[in-house]
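Quick notes on the structure that follows.
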Amino acid sequence: MIGTGGRNLRYRLTSMIKRTIELGWLVVEVVAIVVVLCVLLHLLIGNNNGGYVSFVYANTVDFLQKVPPGTIVGVFLMVFLYWFAKGRFRP
């Protein structure tokens, strides 16, 4: 058919962008889970854990101490609003 190439290309590009966004969010979620698990392991095991867990815990605590509390609250509010709106307005 003549003239359908643009729609097909647009569909493929949109599909590729959606898959890339989904993959990006998956990576973000996995990294967040690893950080939370390392912090919990450090709290449960203490100082006698592996070097990686202590390193992640030290960096997390250092980061959270340097960031102002209002910024942390703002980020959590933005994430919550995104999550709420995404679930509320899902087609």
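Numbering (our numbering), first residue to last: 8 to 98.
Ideal Cβ placement from N, Cα and C applies to all residues, glycine included.
Keep in mind that this is a model prediction, so the values were computed, not measured.
Local Cβ density within 10 Å of residue i, reported as buried at 16 or more and exposed below that
i, result
"Val-41", "exposed"
Residue i vs residue j beta-carbon contact at 8 Å
i, j, result
"Val-35", "Tyr-64", "no"
Where residue i sits in the DSSP three-state scheme
i, result
"Asn-55", "coil"
"Pro-75", "coil"
"Phe-96", "coil"
Rounded Cβ spacing between residue i and residue j (contact assumed at less than 8 Å)
i, j, result
"Val-37", "Leu-48", "Contact flag wrong, Cβ pair sits at about 16 Å."
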